[in-house]
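Data first, discussion second: the structure below is written as structure tokens.
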Amino acid sequence: MRRVEDVLYVVMPAYNEGENICETIDSWIKVLDGKSKNSRLVIADSGSTDNTHKILLRLRKKYKNLEILGKTNKLHGPKVIALYDYAVKHGADYIFQTDSDGQTDPEDFGVFWKKRKDYDAILGYRSKRGDGKIRALVEKVVCMLLRLFFDVKVPDANAPFRLMKAKLVSKYLGKLPKDYDLPNIVLTAYFARFGENIGFEEVSFKPRMAGVNSVNLKKIFRVGRSSLFAFAKFRIDMKKTDPILAKKIFRRKLGTVAIVLSFVTMALLAVSTSPSSPWNRGETVTDSGVFLTIGKQMKDGMTPYIDTFDHKGPILYIINFLGTTINETSGILVFEFIALFLSLVFMYKIARLKVKSRGISLFLSFIMFSLYITFNVIDRGNLVEEYAMPLIAVSLYVYLKYLTDGRVSRFLAFMTGFCFACVALLRLNMVAIWGVFSVVIFTKMLIKREFRELGKISLAFVLGAVVIFGPIFVWLVSKDAFSPFVDAYIKFNAAYSKTSFQNIYSTIVYFLKEILLFLSLVLTGYFAFVEKDRANKLILSSFFGAFVVAVLAACMSGRNYPHYGMVLIPLSIFAFAWLYSEIEKREQPVAVSMLLSLFLLSFTFQGWLTISQSAVKSFFNRYEGESVSEFVKKSCYYTEKFTNIDDKIVVYGNRDYIYLRCNRLPASKYSYQYPISQVRPRILSDFFAEVSEERPKIFIIQEGYVIDGVLDYLDRNGYKEEWRENQGDDSARIYSLTE
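Under the numbering used here, think of the first position of the sequence shown as 279, with each following residue one higher.
Shown next as structure tokens:
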């Protein structure tokens, strides 16, 4: 006759737990209440040298459902194997394993038992451990090794808190040597590798209150070293056990490599058109020239906001400083490539939150990243928005993951704060998504009364931000640059952004004329409106709100510079991912997906073909001389003729690339004067005061910036015209000091 009640065996290894064992047994024996009369609590205590065994013998008289295994290997791992074997052979339906040191809490067991029918095994994971940072680090390394050896990803491989069906345990127990040290780790690997129906539940893990920890750091390293060889053997066994699965895993790895290589290729193509590329001998354009000039000045010991003037955040100048330490012109490409590659990776991960197909997610990354080509076509790289893109993508992924899964790790919350601080110190109007999503999540957790979790996540976020804000602000204060930083970054930008509603509206229209961006915004709004499920509606509504605020923030200056739109690229992928996920639920999803894919491809393939052609042409023509203008060539010629390497020069207008090309530093902290002097007119008088004091030997005027005031200054101070681009009154000119 079939049993109605499930037989549960709670099994525990014990070693010298005399100080803990009595309290542990008293607390854990209670979980057998209401279970089958054949359920047992089984302890294996071989090798104990204290009074553990005597206490157990006494407790066995008190509890009839307590059993003791006294003849097993004294080590922890072999005891666990012996306990599993004993439970299987004695008719257990379910086996629950925990330790006897009092670090686990019986209160957590109830959730596992309620969900036992939903899974073949429910494994605990410890988001916070009470046994020290070293052992927490060891667990992270173990999870990393499982991914490396067995291609499985688990949050915790060795938690001594696991409820498993006896049939599942018996299926894999025979693969373990009876004296193996790490049975739970390998069983977890087998469960995950072979697609068993397993789940993970968070459990508490308290510090050891008494007794002696038999596993020390030396033993951890010894066991870990020997386990590497054992892992290799288990990996071979797994392949022999299911060669079809092994082939699937190999193909999946191959697919992962293909995806990564695709991202590398796209990122390389994107940066290949930059004039900073070593095979591109063109001129660095306006913004990049300014940033690289400041990076070079920092390399020479100068401080932004004091010795230089620009109104971007310090993170940007630090990136350019690091780039110039690699190479003064092309070193910045390393950071551009990293930024674009990470943007692609996390756009892909955002798509994967909704789309099952890796191929579709890759395709969407390819399509939406084409917006980079559109927004970068004029300004051609090394832009503030480029470095903000991956930071926005990372945080957007974390926020959407939390709203989808209902939980987020402290590390991800930390990284979100880290990304926020970085973007806030690149340019303030790019932090829209943090403002919207933080309010949504804060409100959601307050309503659900998740005060403790809210506190932990908020603390992790703040710590992530402090890691960036702290050192940067200390550096600025130590250089007496904090007040100039506030003046340039806050006050100047406030004046720079003053504009009319008409200009803002015109800029919004300019960006939304990009069809992929417009469709993404409209789709998000539509899905948010029609969605019935409350959880999904919250996700979509929050995302739509963040999208709208991000568009408004990007357009707040009323200037329709194409590169401002880059910050919207990471947001553009989610709506189409949602659309594809809806298609996957319909009949004939492949046909509909193909039509949609062809539709999207029609907007992007020309851009990718053009940039590919440009990259190939640039690479194969890399030895054919330099495509710089006559103006730049003459500037460098006369600079070299009239100045030494330590002399400073002036470029009037906005053409900082000449400083880089001629290998000279600016004679004023205002290395460029426009448009900043239009926002703050006194900049011109400060500029001329500094130039008068420095008296540079070369004064270069960019085309379009020849004004009477500059010509009068040059005439009064004895400058001689050396070269003029043409006879036009507004043409570029080069002057030398005649004294």
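By construction, the Cβ of each residue, glycine as well, lies at the ideal position given by its N, Cα and C atoms. These numbers come from a predicted model, not from an experiment.
Do Ser639 and Pro668 have their CB atoms nearer than 7 Å? Not a contact, by the Cβ cut-off of 7 Å.
Which of helix, strand or coil DSSP assigns to Gln575: helix
What residue range is occupied by the uninterrupted beta strand (DSSP E) comprising Arg318? 318-322
For Gly713, report the span of its beta strand (DSSP E) as first-last. Unbroken run through Gly713 is the alpha helix (DSSP H), 710-725; no beta strand (DSSP E).
Look at the alpha carbon of Asn838 and the alpha carbon of Val419, and state the distance between them as a whole number of angstroms. 48 Å
Kindly identify the DSSP beta-bridge partner or partners of Leu401. Arg440, Phe478
Run through the segment 549-636 for me and flag every whole alpha helix (DSSP H) of 4 or more residues, listed as ranges in chain order. 564-577, 592-604, 610-630
What residue from Glu1003, Asp986, Val662, Pro485 has the CA that sits closest to Val568's CA? Val662
What are the boundary residues of the beta strand (DSSP E) that Pro959 is part of? Note, Pro959: premise wrong, no beta strand (DSSP E); not H, not E.
Same chain, Cβ closer than 7 Å to Lys518, five either side skipped, listed in chain order: none
Where does Lys926 fall in DSSP's three states? Lys926: strand per DSSP, three-state reduction.
Going by beta carbon distance, what residues of the same chain come within less than 6 Å of Val718, once the five residues before and after it are set aside? Ser820
So Arg1002 is in the beta strand (DSSP E); what residue range does that whole segment cover? DSSP places Arg1002 inside the beta strand (DSSP E), whose first and last residues are 997-1002.
Beta-carbon proximity list for Tyr680, same chain, < 7 Å, skipping 5 on both sides: Val686, Ile719
For the ligand ATP, any of its heavy atoms closer than 6 Å to the Cβ of Ile782? For the structure depicted, the ligand ATP is absent and the ligand set is empty, with no information on it obtainable.
State the DSSP-derived secondary structure class of Ile985, mapped to helix, strand or coil. coil
How is the beta strand (DSSP E) around Leu344 delimited, first residue to last? 344-347
Are the segment 641-648 and the segment 693-709 touching by the rule of at least three beta carbon pairs closer than 8 Å? Counting Cβ pairs under 8 Å, fewer than three are found: no touch.
Sorted by chain position, which residues of the same chain lie with C-beta nearer than 7 Å to Lys395's C-beta, five sequence neighbours on each side aside? none
Alpha carbons only, please: which of Gly402, Ala766, Asp515 is nearest the one belonging to Tyr450? Asp515
Just to confirm my understanding: we take Cys697, look at its own chain, exclude 5 residues before and 5 after, and list those with CB closer than 7 Å. What are they? Leu669, Val672, Ser673
At least 3 beta-carbon pairs within less than 8 Å: the segment 829-836 vs the segment 785-799: yes
Based on the DSSP output, what are the partners of Thr376 in its beta bridges? The partner list for Thr376 (beta bridge, DSSP) reads Phe439.
Reduced DSSP category for Lys497 - H, G, I as helix; E, B as strand; rest coil: Note that Lys497 scores 49 on pLDDT, short of 50, meaning its location in the model is unreliable; the coordinates nonetheless yield the value given after this. Helix.
In angstroms, rounded to a whole number, what distance separates the CA positions of Gln575 and Met844? 27 Å
Rounded to the nearest angstrom, what separates Val416 and Thr466 at their Cα positions? As the crow flies, the alpha-carbon of Val416 is around 16 Å from that of Thr466.
Please report how far the alpha carbon of Asn329 lies from the alpha carbon of Leu361, in whole angstroms. 21 Å
Strand pairing of Phe977, partner residues [DSSP]: Val928, Tyr1013
Neighbourhood of Glu968 by C-beta distance below 8 Å, restricted to the same chain and skipping five residues each side: Ala945, Ser946, Lys947, Tyr948
Pairing CB atoms from the segment 554-567 with CB atoms from the segment 601-611, are three or more of them under 8 Å? yes
CB of Ile359 within 7 Å of CB of Pro461, strictly: yes
Can you list, in chain order, the residues of its chain whose CB lies under 8 Å from that of Val481, leaving out five sequence neighbours each side? Thr382, Asp383, Asp386, Gly402, Tyr403, Arg404, Ala437, Phe439
Helix, strand or coil: which one does DSSP assign to Val288? strand
Out of curiosity, what's the CA-to-CA distance linking Arg727 and Thr721? 10 Å
Note down the Cα distance separating Met544 from Ile604, rounded to an integer number of angstroms. The alpha-carbon atoms of Met544 and Ile604 are separated by roughly 23 Å.
Expected contact under 8 Å - CB spacing of Val910 and Glu561 to nearest Å: 6 Å
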